[in-house]
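In order, the protein sequences belong to chains P and L.
Counting from 3, one number per residue, gives the positions in the first sequence under my numbering.
Counting from 3, one number per residue, gives the positions in the second sequence under my numbering.
Ideal placement from N, C-alpha and C gives every residue a C-beta, glycine not left out.
None of the values given here were measured: they were computed from a predicted structure.
As structure tokens, the structure follows; a few thoughts come after it.
There are 2 protein chains.
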Amino acid sequence: MALDSKFIHHVYFWLHNPDSKEDLQQLLDGLRKLTAVSTIRQFHIGVPANTSRGVIERSYAVSWLAIFDNAADQDSYQVDPIHLKFVEENAHVWQKVIVYDSIEAV
Amino acid sequence: MALDSKFIHHVYFWLHNPDSKEDLQQLLDGLRKLTAVSTIRQFHIGVPANTSRGVIERSYAVSWLAIFDNAADQDSYQVDPIHLKFVEENAHVWQKVIVYDSIEAV
């Protein structure tokens, strides 16, 4: 199944304390609550796989993939109270975030 | 729908000639052929969205998201003749590739 016209929002988190299982768990728990946002069509909460070729980035702690029907739904997610609460409660555990937003290539 | 136990393979490509529509089109066409690999459960061929906050990386040319049932299927994709042919035919158009492979966080 192609995801075709979907809006792909993929966030990678690096923690201030990469060795803290508590901080990792807090972020994972926060993301699980974040999945309640109604416009999220599919999601994946991940950690680096064991693959390790030269081109593979695996220094991040957590991967958050959220798939929306369109850009407007992702925009509304950004200001959804559930998302704002997630950021407020968890932003102190991450040191760096990189976001890749992609739309269908035509 | 959660993607739960899926293996998420997300590749970002930067082109040698970012302004070449021909090179971009070649890469997109190559990825479309690549979707024929039988273990790919879902895929998305993308370009940067219009979002532009500070944390957003939008310097890449093409996003290739491929979702597999498990790590073994992704391993077999790496050596699938269709994938090898894709690399052989198209590697000259990209300057840089970053790959993020993620598995379910538990």
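(request) With DSSP collapsed to three states, give me the class of L29/L. (result) helix
(request) Hey, could you find the ends of the beta strand (DSSP E) Y102/L is sitting in? (result) Unbroken beta strand (DSSP E) run through Y102/L: 96-106.
(message) For D71/P and S78/P, I'd like the C-alpha separation in whole angstroms.
(response) 12 angstroms
(request) Could you check if N19/P is buried or exposed, using at least 16 other CB atoms within 10 Å of its CB as the buried criterion? (result) Exposed, because fewer than 16 other Cβ atoms sit within 10 Å of the Cβ of N19/P.
(request) Tell me, please, whether the region 26-43 of chain L touches the region 46-66 of chain P by the rule of three or more beta-carbon pairs shorter than 8 angstroms. (result) no
(request) Answer with yes or no whether the minimum CB distance from G48/L to chain P is below 8 angstroms. (result) yes
(message) I'd like to know if the region 63-70 of chain P and the region 6-17 of chain P are in contact, where contact means that at least 3 CB-CB pairs between them fall below 8 angstroms.
(response) Contact between the region 63-70 of chain P and the region 6-17 of chain P is present, because at least three Cβ pairs lie under 8 angstroms.
(request) Can you grab the Cα-Cα spacing for the pair D75/L / Y14/L, in whole Å? (result) Spanning the alpha carbons of D75/L and Y14/L requires a straight line of approximately 20 angstroms.
(message) I'd like to know whether the C-beta atoms of V64/P and V81/P end up nearer to each other than 8 angstroms.
(response) The answer is no: Cβ separation not under 8 angstroms.
(request) Please say whether L17/P and V95/P have beta carbons closer to each other than 8 angstroms? (result) yes
(request) Would you mind stating whether I47/L and W66/L have Cβ atoms separated by less than 8 angstroms? (result) It is a contact, given that the beta carbons lie within the stated cut-off.
(request) Report buried or exposed for D103/L, applying the criterion of at least 16 other Cβ atoms within 10 angstroms of its Cβ. (result) Around the beta-carbon of D103/L, 16 or more other beta-carbon atoms lie within 10 Å, marking it buried.
(request) Anything in chain L within Cβ reach of E59/P, meaning under 8 angstroms, just list it in chain order. (result) I100, V101, Y102
(request) Can you give me, in chain order, the residues of the region 76-100 of chain P that have a beta carbon less than 7 angstroms from any beta carbon in chain L? (result) V99, I100
(message) If we define contact as Cβ-Cβ less than 8 angstroms, is F45/P a contact residue for chain L?
(response) yes
(message) Does R60/P come out as helix, strand or coil in the three-state DSSP assignment?
(response) coil
(request) Return no unless some Cβ of chain P is closer than 8 angstroms to the Cβ of H18/L. (result) no
(message) Tell me the rounded alpha-carbon separation between N92/L and D21/L.
(response) 16 angstroms
(message) Starting from L5/P, trace the alpha helix (DSSP H) in both directions and tell me its first and last residue.
(response) Note, L5/P: premise wrong, no alpha helix (DSSP H); not H, not E.
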